[in-house]
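Let me begin by presenting the structure, written as structure tokens, before commenting on it.
Protein chains in written order, with the numbering used here: chain E, 1 to 277; chain Y, 1 to 258.
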């Protein structure tokens, strides 16, 4: 299945376009990173994909047919600081909010909630009846994300999901997304300012500037040229600068320099190879 | 939406008037409006308010919105005076209703003028200066004004927050686009609770931030802006007082004639 934006335009105020004829297609099972400077239109774009904003021009299609808000239920959107949306008296009720709104039977709701809690690593025995307001920031965020996962979306879009999370929380979040992608075939789109943390997982990078998509493709290909990266309004990645430097010193080009383990292994293998020669 | 309730910043001369002068001016005119109902004067006042609006370079669209927002009140006022409590005859009822409508309109437009041409902080400081004699009576003027300003300042933030939470809940299935009214109303809870929680957290943070910057209340506090009444400001006050005097003398005349 494909979620597709076709020539989508949008302006909050007339004469100030935020999106200009954006074309973008997301396959289910894909892991995509969306980057771009603040104000480039990323957050607006993801709201269009969820049907929260009706575009002024162009359309959103799902598997080839035009989709309004109701059809876009299969898209899950996690906003920035999603923990600010918690409201229920217990963690269980908060996560169950979405499935109940869909009119599911309570038995099915419970299944969904427990599965979502397991997915984000919240132990039901401990958290089920806890008040969401008494949890730590990281736990709250997991509850909020579970609330979206419980809707069993086919696409999961997250707007800056790691803002304010500690290193462990960030890692846990990305491995959760990767698991959802592998096990359920969920298409994942992550809006981020820190490419380094998402690139070990993302196989595709989309870059926005001034409401347009100015780059869409394999991350390494898009990011390896420093001048081009700067032109796209991004900061060159340290790991790519290191890769560049190593290449200048005669080391082989690294395939995934942002993955420390892979990079280290590649370098070690190269050295062993040289020593063996 | 909220933008139509706040300071417009059009760079007009009315914005440079001293807030105390403006407050006194508006206060005088409002009292005058209450005591003096002569139809001729009503027209003069209407013209004066329009002139004030033009002088402040406020958009006429804003005047239209304001009129529209009080139009329901006009309808109910007219109904009250003609149908529910009709006086001796229809004509007096109509006149009485019309006068009252004009009064309401006058209040609303005068207050709008005040709010649109004065930044909230300046307005609050002006109010505090005018009310400062009450401090001797141990009325917490400074605190009250500060609370008022903070509340005003937080309105747009809360509005933005509400919008964000609304969208977030829709994103997880709160169907505002489906269901009947009852269900839609019940759907308000998931919007309101997070906003209130956030507001409380924000208030706590603000209190800490104020303490961190050594805010200790009114006593010993210096001000960023110093207000001094200039010639224009006195003239503005004089116009207001003149209107007030004319209105009050007319009112006294009416009373003694009776």
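Even for Gly, the Cβ is constructed at its ideal location relative to N, Cα and C. Just so you know, these numbers come straight off a predicted model, no measurement behind them.
- Look at residue 91 of chain E: its C-beta is not under 8 Å from any C-beta on chain Y.
- Chain Y has a Cβ within less than 8 Å of the Cβ of residue 148 of chain E.
- The beta carbon of residue 66 of chain E sits closer than 8 Å to the beta carbons of 59, 60 from its chain, once the five residues preceding and following it are set aside; these are given in chain order.
- Proximity of residue 194 of chain Y to chain E, defined by a Cβ-Cβ separation below 8 Å, is satisfied.
- Shortest Cα-Cα distance from residue 173 of chain Y to any of E:268, E:101, E:48 involves E:101.
- Distance from the CA of residue 197 of chain Y to the CA of residue 86 of chain E, rounded to the nearest whole angstrom, comes to 9 Å.
- The bridge partners DSSP lists for residue 21 of chain E come to none.
- When Cβ-Cβ separations below 8 Å define contact, residue 199 of chain E makes no contact with chain Y.
- Pairing residue 214 of chain E with residue 161 of chain E, the inter-Cα distance amounts to about 23 Å.
- Counting along the chain, residue 9 of chain E sits inside the beta strand (DSSP E) bounded by residues 2-13.
- Classified as buried, residue 96 of chain Y has 16 or more neighbouring CB atoms from the shown chains inside 10 Å of its CB.
- Under the three-state reduction of DSSP output, residue 232 of chain E falls in the coil class, being neither helix nor strand.
- Looking only at E:113, E:31, E:273, E:199, the smallest Cα-Cα distance to residue 257 of chain E is reached by E:199.
- Restricting attention to Y:238, Y:34, Y:128, the CA atom closest to the CA of residue 223 of chain Y is found in Y:128.
- Interface criterion not met: the Cβ of residue 90 of chain Y is under 8 Å from no Cβ in chain E.
- For a Cβ distance threshold of 9 Å, nothing in chain E lies close to residue 248 of chain Y: the least Cβ distance comes to about 47 Å.
- Taking 8 Å as the cut-off, the beta carbon of residue 196 of chain E is found no closer than this to the beta carbon of residue 222 of chain E.
- With respect to the C-alpha of residue 255 of chain Y, the residue from Y:78, Y:202, Y:51, Y:36 having the closest C-alpha is Y:36.
- With fewer than 16 other Cβ atoms from the protein chains shown falling within 10 Å of its own Cβ, residue 135 of chain Y counts as exposed.
- When Cβ-Cβ separations below 8 Å define contact, residue 50 of chain E makes contact with chain Y.
- Judged by pairs of C-beta atoms under 8 Å, the region 73-80 of chain Y does not touch the region 48-59 of chain Y, as fewer than three such pairs exist.
- Contact annotation: residue 232 of chain Y and residue 53 of chain Y have beta-carbon atoms that are not nearer than 8 Å.
- Annotation: residue 136 of chain E to residue 121 of chain E spans about 14 Å, alpha carbon to alpha carbon.
- Contact annotation: residue 77 of chain E and residue 212 of chain Y have beta-carbon atoms that are not nearer than 8 Å.
- With three or more CB-CB distances shorter than 8 Å, the region 16-30 of chain Y counts as touching the region 238-246 of chain Y.
- With a beta-carbon spacing of about 6 Å, residue 181 of chain E and residue 29 of chain E fall inside the 8 Å limit used to define contacts.
- In this structure, DSSP gives residue 53 of chain E a state outside helix and strand, which the three-state scheme calls coil.
- DSSP places residue 158 of chain E within a strand segment (E or B) once states are collapsed to three.
- Judged by their CB atoms, residue 143 of chain Y and residue 19 of chain Y are not nearer to each other than the 8 Å cut-off.
- For residue 159 of chain Y, not one C-beta of chain E is nearer than 8 Å to its own C-beta.
- With contacts defined by Cβ atoms closer than 8 Å, residue 164 of chain Y and residue 47 of chain E do not form a contacting pair.
- Under the Cβ criterion (8 Å, minimum of three pairs), the region 154-174 of chain E does not count as touching the region 89-101 of chain E.
- In this structure, residue 7 of chain E lies away from residue 27 of chain E, with their beta-carbon atoms at least 8 Å apart.
- Contact of residue 169 of chain Y with chain E by beta-carbon distance below 7 Å involves 85.
- Secondary structure in the region 31-101 of chain E: the beta strand (DSSP E) runs of 3 residues or longer, each lying completely within the stretch, are 31-36, 57-62, 75-78 in chain order.
- The beta carbon of residue 189 of chain E does not come within 8 Å of any beta carbon belonging to chain Y, so the residue lies off that interface.
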